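Visitor: Sharing a structure below in structure tokens format, with a few things to ask.
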Amino acid sequence: MRFPEQFFASLQEAHDLTWLPDLEMQVREVYARNQHGDTASWDSAMESLPFLENIVPDLSSGRIGFSTQGSTSYDKHALEVCLRKFHPWRKGPFQIDEIFIDSEWRSDWKWDRLQKSIEPLAGKAVLDIGCGSGYHLWKMVGAGARWAIGLEPVDVYVYQFAVLQHFLAYADRAAVLGIPFEMFPQATQFFDTVFSMGVLYHRKSPIEHLEAVRESLKPDGQMVLETLVVEGDENTVLFPKGRYAQMRNVWFLPSVKTLVAWMKRLRFRSIDVVNVNRTAVEEQRSTDWMRFDSLCKFLDPEDQSKTIEGYPSPLRAIITARV
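Structure follows, in structure tokens:
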């Protein structure tokens, strides 16, 4: 992985941030000891990406990406072969000129559910925890965010973001760092908006996660939380005995009322339940760009209101709140 030199230099020039040198050191150390077995293949694929002219970015439509105008010419088949080396493409979709990357998740549907309920991002500093390929981070850049930081410890997703960055060239405004939120400096109070989407249920201590998000926000900053929930009252929490929808690392699935109670206890205010939505197999599915099993294989074949383990099928809530 390539260290995002331009982003760190731009951020350092604009802000006197006492925690930035520590963050830079941690990220450099993680990148230096990267030992993933596919790193050489991914690095080779990155080197093979063409340098295109006359690019017209598109960060506003459902398919994040770009088109080209004029006399730009390149080997489109070779580019597609290169892009497929970064399988699996889970978050998207993306449109790389004439190449459509049909990702596992219709991440644009999630953005459509939340975009009208968040504070304007123009000129703001935003953090996207567990950002995956950076699909939603690009949406934040398109909405005018001045600083957009994504945190993602899975190497291939960091590379997927780098592919788009290679073409879209927002390196002074956006970066995905290959570290988990737990390695990010705490209590920075730097961000205007922090997105935690699809993360909370993977945390053994969801309360500590929410508290850390709170401490990373400026006064009056906004958290955008999206997570798995279950139906029930303010005392309902599902703690799976083993896997949940074939996921090993799922710990706590609270009801919406329980989740709101947690947030009130942590002194969040202006708590708003924006959306509660049952995930459909049309929103998360296997594709030619994500060939592993997906949601339909994780549900009870006789009753899709249940997971294959017998738990309620995935229900997701979006909640916004201020500090």
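Here the sequence shown stands for residues 2 to 324, where the numbers follow the numbering used here. Every residue, glycine too, gets a C-beta built ideally from N, C-alpha and C. These numbers were taken from a predicted model, which means no experiment stands behind them.
#1: For the structure I just gave you, are there three or more beta carbon pairs, one from the segment 190 to 201 and one from the segment 117 to 132, closer than 8 Å?
#2: If you run the structure through DSSP and keep just helix, strand and coil, what is Glu-284?
#3: Which residues share a DSSP beta bridge with Lys-92?
#4: Name the two residues that bound the continuous beta strand (DSSP E) containing Ala-149.
#5: Between the Cα of Phe-87 and the Cα atoms of Tyr-75, Ser-118, Ser-104, Trp-252, which residue gives the shortest distance?
#6: Measuring straight from C-alpha to C-alpha, what distance separates Val-257 and Arg-279?
#7: Under a three-way DSSP split, which group does Gln-27 fall into?
#8: Are the beta-carbon atoms of Tyr-312 and Tyr-245 separated by less than 8 Å?
#9: To the nearest angstrom, report how far apart Ile-272 and Leu-316 are at their CA atoms.
#10: Compute the Euclidean distance between the alpha carbons of Ser-217 and Trp-290, then round it to the nearest angstrom.
#11: Kindly indicate which residue of Asp-193, Lys-265, Val-159, Gln-116 has the alpha-carbon position closest to the one of Lys-92.
#12: Would you kindly work out how many angstroms separate the C-alpha atoms of Glu-81 and Gln-36, rounded to a whole number?
#13: Is it buried or exposed, Gln-285, if we count other Cβ atoms within 10 angstroms and call 16 or more buried?
#14: Output the distance between the C-alpha atoms of Thr-40 and Val-157, rounded to the nearest integer angstrom.
#15: Between the alpha carbons of Gly-66 and Glu-227, how many angstroms are there, rounded?
#16: Taking the DSSP output, what are the residues bridged to Ala-318?
#17: Determine, using beta carbons only, whether Ile-319 and Leu-115 come nearer to each other than 8 Å.
#18: What are the boundary residues of the beta strand (DSSP E) that Gln-305 is part of?
#19: By alpha-carbon positions, which one of Ser-45, Trp-110, Leu-122 ends up nearest to Ala-146?
#20: Let's test the definition: count the other Cβ atoms within 10 Å of the Cβ of Leu-193 and tell me whether it reaches 16, buried, or not, exposed.
#21: What is the DSSP secondary structure of Pro-255, reduced to helix, strand or coil?
#22: Is the beta carbon of Val-142 sitting closer than 8 Å to the one on Leu-21?
#23: Please classify Thr-19: is it buried, with 16 or more other beta-carbons within 10 angstroms of its beta-carbon, or exposed?
#24: Do Leu-211 and Trp-252 come within 8 Å of each other at the CB atom, strictly closer than that value?
#25: Please report the straight-line C-alpha distance between Val-28 and Asp-304, rounded to a whole angstrom.
#26: Please state the DSSP three-state secondary structure of Leu-211.
#27: Which residue marks the beginning of the beta strand (DSSP E) containing Ser-68, and which one marks its end?
#28: By a C-beta neighbour count over all protein chains shown, 10 Å radius and 16 as the cutoff for buried, is Lys-111 buried or exposed?
#29: Could you check how far apart the C-beta atoms of Arg-3 and Ala-163 are, in whole angstroms? I think they sit under 8 Å.
#30: Put Leu-267 into one of helix, strand or coil per three-state DSSP.
#31: Have a look at the DSSP bridge pairing and note the partners of Pro-22.
#32: To the nearest angstrom, report how far apart Val-238 and Met-248 are at their CA atoms.
Guide: Here's the rundown:
#1: Short answer: they touch.
#2: When secondary structure is reduced to three states using DSSP, Glu-284 falls in the coil class, being assigned neither helix nor strand.
#3: Under DSSP, Lys-92 shares a beta bridge with Trp-106.
#4: Element bounds for Ala-149: 148 to 152.
#5: The shortest CA-to-CA distance from Phe-87 to any of Tyr-75, Ser-118, Ser-104, Trp-252 is the one to Ser-104.
#6: When rounded, the separation of the alpha-carbon atoms in Val-257 and Arg-279 is 13 Å.
#7: Reduced to three states, the DSSP call for Gln-27 is helix.
#8: In this structure, Tyr-312 lies near Tyr-245, with their beta-carbon atoms less than 8 Å apart.
#9: Approximately 19 Å, taken between the alpha carbons.
#10: For Ser-217 and Trp-290, the distance between alpha carbons rounds to 35 Å.
#11: In terms of Cα proximity to Lys-92, the closest of Asp-193, Lys-265, Val-159, Gln-116 is Val-159.
#12: Taken atom to atom, the span from the alpha-carbon of Glu-81 to that of Gln-36 is near 26 Å.
#13: Classified as buried, Gln-285 has 16 or more neighbouring CB atoms from the shown chains inside 10 Å of its CB.
#14: If you take the alpha carbons of Thr-40 and Val-157, they lie about 9 Å apart.
#15: If I take the Cα positions, the gap works out to 24 Å.
#16: Per DSSP, Thr-228, Val-277.
#17: With a cutoff of 8 Å on beta-carbon distance, Ile-319 and Leu-115 are scored as near each other.
#18: Unbroken beta strand (DSSP E) run through Gln-305: 304 to 308.
#19: It is Leu-122 whose Cα lies nearest to the Cα of Ala-146.
#20: First, the residue type needs correcting, since residue 193 is Asp and not Leu in the sequence shown. So Asp-193 counts as buried.
#21: Strand.
#22: Taking a C-beta distance under 8 Å as the contact criterion, Val-142 and Leu-21 do not qualify as a contact pair.
#23: The residue in question, Thr-19, is exposed, as its Cβ has fewer than 16 Cβ neighbours within 10 Å.
#24: In terms of Cβ geometry, Trp-252 and Leu-211 do not form a close pair [threshold 8 Å].
#25: Their backbone Cα atoms lie some 45 Å apart in a straight line.
#26: In this structure, Leu-211 counts as helix in the three-state DSSP scheme.
#27: Start and end: 65 to 69.
#28: The C-beta of Lys-111 has 16 or more other C-beta atoms within 10 Å across all chains shown, which makes the residue buried.
#29: Yes, they are in contact, since the Cβ atoms of Arg-3 and Ala-163 sit about 7 Å apart, within 8 Å.
#30: Judged by DSSP in its simplified three-state form, Leu-267 adopts coil rather than helix or strand.
#31: BP columns for Pro-22 are empty, so no partner.
#32: The C-alpha of Val-238 lies about 17 Å from the C-alpha of Met-248.
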